[in-house]
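As numbered in the numbering used here, residues 18 to 188 make up the sequence shown, in order. What follows is a single structure, written as structure tokens, with notes after it.
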Amino acid sequence: MNIRKDINATYGYTHAMHIRLRPVIISDLPILFEQQADPESSAMAAFPSRTKEEFDTHWAKIMADETVILRVIEVDGQVAGHLVSWEMREGREVGYWLGREFWGKGIATESLNQFLGVVKTRPLFAHVAKHNTASRRVLEKCGFTVIGEDKYTNRIKQKVEEFVLRLNEND
Ligand SMILES: CC(C)(COP(=O)(O)OP(=O)(O)OC[C@H]1O[C@@H](n2cnc3c(N)ncnc32)[C@H](O)[C@@H]1OP(=O)(O)O)[C@@H](O)C(=O)NCCC(=O)NCCS
18 MNIRKDINAT
28 YGYTHAMHIR
38 LRPVIISDLP
48 ILFEQQADPE
58 SSAMAAFPSR
68 TKEEFDTHWA
78 KIMADETVIL
88 RVIEVDGQVA
98 GHLVSWEMRE
108 GREVGYWLGR
118 EFWGKGIATE
128 SLNQFLGVVK
138 TRPLFAHVAK
148 HNTASRRVLE
158 KCGFTVIGED
168 KYTNRIKQKV
178 EEFVLRLNEN
188 D
């Protein structure tokens, strides 16, 4: 299925946005820290923001882990967010996070599409909070389908209900 569209045409931009993925470098981390610290983003993802210390520990760990695949999303040379893929017992997962000023422009969809060319494992899974309609939509635009539901209690003791989505070999 080819779902890629010209996002500049779709969103009516007067200049062509240049969206590319690249490896994460240390100087990106303060920007990624601020993006995950945003309360609206955190509520949307049902993922509590990390303190600076928690963030530094977590990122040192994932950047050193060869099974974790990480990319920065660069839009016209700016760090718009990141994508991540990691192994779980049930299979390989993907996740992503954009700075709020980059929302609503098709950037997550285009970035995830590019990332699916980097992370080639299938099936590939994603978990999304039930209220996170935008993220569910991004996944569905990229070919994922809802296969079930899950729930867990996050670090700040909120009960989170999720949809589980899967991208199959031939999707
Ligand atoms: C979720 C997130 C990645 C979306 O990024 P984005 O670049 O705005 O996404 P896109 O523009 O590519 O696509 C969003 C889609 O959701 C739709 N959408 C957005 N808000 C919506 C809502 N409240 N209800 C229904 N659809 C909604 C948009 O219209 C768009 O669909 P369309 O192209 O069919 O019109 C971004 O908001 C984010 O990083 N949020 C914080 C972190 C997070 O939630 N990460 C995901 C964890 S699973």
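Ideal Cβ placement from N, Cα and C applies to all residues, glycine included.
Could you check how far apart the C-beta atoms of Glu166 and Phe180 are, in whole angstroms? I think they sit under 8 Å. 6 Å
Can you tell me whether Arg154 sits near ligand 1, meaning its C-beta is under 6 Å from at least one heavy atom of the ligand? Yes, Cβ of Arg154 sits closer than 6 Å to a heavy atom of ligand 1.
Cβ-Cβ distance between Glu91 and Arg153 below 7 Å: no
Along the chain, which unbroken stretches of the beta strand (DSSP E) at least 3 residues long are found entirely within the region 25-71? 36-39
Taking all protein chains shown into account, decide if Gln175 is buried (16 or more other Cβ within 10 angstroms of its Cβ) or exposed. exposed
Per-residue DSSP class, three states only, for Trp120: coil
Do you know how far the Cα of Ile43 is from the Cα of His35? In a straight line, the C-alpha of His35 is about 22 Å away from that of Ile43.
Taking only runs that begin and end inside the region 111-185, name each unbroken beta strand (DSSP E) of 3 or more residues, in chain order. 141-146, 162-170 and 176-184
Own chain, CB closer than 7 Å to Thr138, minus 5 neighbours either side, in chain order: Cβ neighbours of Thr138 beyond the five flanking positions: Arg109.
Is the closest heavy atom of ligand 1 to the C-beta of Ala33 under 6 Å? For Ala33, the Cβ stays outside the 6 Å cut-off from all heavy atoms of ligand 1.
Name the one or two DSSP bridge partners that Ile90 has. Leu38 and Gly98
Look at the Cβ atom of Ala97, then the Cβ atom of Ile79, and state whether they are nearer than 7 Å. Cβ atoms of Ala97 and Ile79: not closer than 7 Å.
Through-space distance from Lys147 to Ala60, alpha-carbon basis: 12 Å
Beta-carbon contacts of Pro56 that lie in its chain and below 8 Å, excluding the five residues immediately before and after: Ser66
Any heavy atom of ligand 1 within a distance shorter than 6 Å of the CB on Ser44? no
For Met61, verify whether its CB is less than 6 Å away from any heavy atom of ligand 1. yes
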